[in-house]
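Asks: Residue numbers (the working numbering), protein chains in the order written: chain Z, 13 to 127; chain X, 44 to 155. What follows is a structure written as structure tokens; I'll ask about it next.
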Amino acid sequence: GAVVSQHPSWVICKSGTSVKIECRSLDFQATTMFWYRQFPKQSLMLMATSNEGSKATYEQGVEKDKFLINHASLTLSTLTVTSAHPEDSSFYICSARDHRGNTIYFGEGSWLTVV
Amino acid sequence: SQQGEEDPQALSIQEGENATMNCSYKTSINNLQWYRQNSGRGLVHLILIRSNEREKHSGRLRVTLDTSKKSSSLLITASRAADTASYFCATVRNSGNTPLVFGKGTRLSVIA
């Protein structure tokens, strides 16, 4: 079945550095991908909608200069957390909509710890 | 951007019992979906119910949708310890490329 691959699964970085998380749709084309973050024991909060070939649409309160999103191909979207701070430590999950229908598939998520 | 609320927020039952989780949402929807998430993992799609459907079954899962009350329920019958997870409802407001908007989730614990 359709699979969305997210990499890395977990990453530890120092404050002030940048971290890139990749989201790939493995056997379908995804013109739209979505990025969420999730704090422990909380729900998923939508950060941005990533559209292939155009600028991402960010939710209110999400800093676009801090969370850079690039959707350069129909199978890959990346989220770069720039100048990371400890409060950015969270679980980040991407999802991709299969262009053939309404089904949305989720990646396994990426744990980011900023020390 | 959260759309809805699930209740209860936490539910603890014995293995073999049924578990019922409810979800309410605020805006009109195209469909409603239920997902499961094991601790620290990604989401697994369980079932999708369209706005013109009232009930849907999949194995031990039964989902209902009441658009007049803007609510849905997920019933897991004959629960197993492996059903322990968080369950989220998510809605799509319109067709097209709108994202899923998640409720707060119910943490289900099934005790063997």
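In this text, a Cβ means the ideal position worked out from N, Cα and C, and glycines have one as well. The structure displayed is predicted, hence computed values, not measured ones.
#1: Under three-state DSSP, which class holds X/D109?
#2: Can the beta-carbon of Z/P20 be found less than 7 Å from the beta-carbon of Z/S122?
#3: Pick out whichever of Z/C25, Z/I33, Z/I24 and Z/S27 has its Cα sitting closest to the Cα of Z/Q18.
#4: Select from the segment 98-125 of chain Z all residues with a C-beta closer than 8 Å to any C-beta belonging to chain X, and list them in chain order.
#5: For the ligand NAP, I want to know if Z/V127 counts as a neighbour, meaning its beta carbon is within less than 6 Å of at least one of the ligand's heavy atoms.
#6: For X/K113, tell me which candidate among X/A121, X/A133 and X/S55 has the shortest Cα-Cα distance.
#7: Taking C-beta pairs closer than 8 Å, name the residues in chain Z that X/V144 reaches, listed in chain order.
#8: Does DSSP put X/A124 in a helix, a strand or coil?
#9: Do we get a CB-CB distance below 7 Å when we pair X/L75 with the residues of chain Z?
#10: Within 7 Å (strictly less), CB to CB, does X/G85 reach chain Z?
#11: Ordered along the chain, which non-local residues of its own chain (more than five positions away) have a Cβ less than 7 Å from that of X/A125?
#12: Do you know how far the Cα of Z/Y104 is from the Cα of Z/T92?
#13: Buried or exposed: where does Z/F46 fall if 16 or more other Cβ atoms within 10 Å of its Cβ makes it buried?
#14: For the candidate residues X/Q57, X/A155, X/F145 and X/R150, whose alpha-carbon lies nearest to that of X/T67?
#15: Just how far apart, CA to CA, sit X/Q57 and X/L86?
Replies: In short, the structure shows the following:
#1: Shown here, X/D109 sits in a strand according to DSSP, grouped into three states.
#2: Yes. Within cutoff.
#3: Checked all of Z/C25, Z/I33, Z/I24 and Z/S27; the closest Cα to Z/Q18 is Z/I33.
#4: Answer set for the segment 98-125 of chain Z: F103, I105, S107, R109, N114, T115, I116, Y117, F118, G119, E120, G121 and W123.
#5: Absent from the structure shown: the ligand NAP. Ligands present: none.
#6: For the residues X/A121, X/A133 and X/S55, the minimum Cα distance to X/K113 belongs to X/A133.
#7: In chain order: L58.
#8: If DSSP states are grouped into helix, strand and coil, X/A124 belongs with the helices.
#9: Answer no: the Cβ-Cβ gap between X/L75 and chain Z never drops below 7 Å.
#10: Cβ-Cβ to chain Z under 7 Å: yes for X/G85.
#11: Correct list: empty, nothing qualifies.
#12: Going from the Cα of Z/T92 to the Cα of Z/Y104 covers about 11 Å.
#13: Residue environment: Z/F46 is assigned as buried (16 or more neighbouring CB atoms within 10 Å of its CB, all protein chains considered).
#14: Going by the sequence as given, residue 67 of chain X is Ser instead of Thr. The shortest CA-to-CA distance from X/S67 to any of X/Q57, X/A155, X/F145 and X/R150 is the one to X/F145.
#15: C-alpha separation (whole angstroms): 24 Å.
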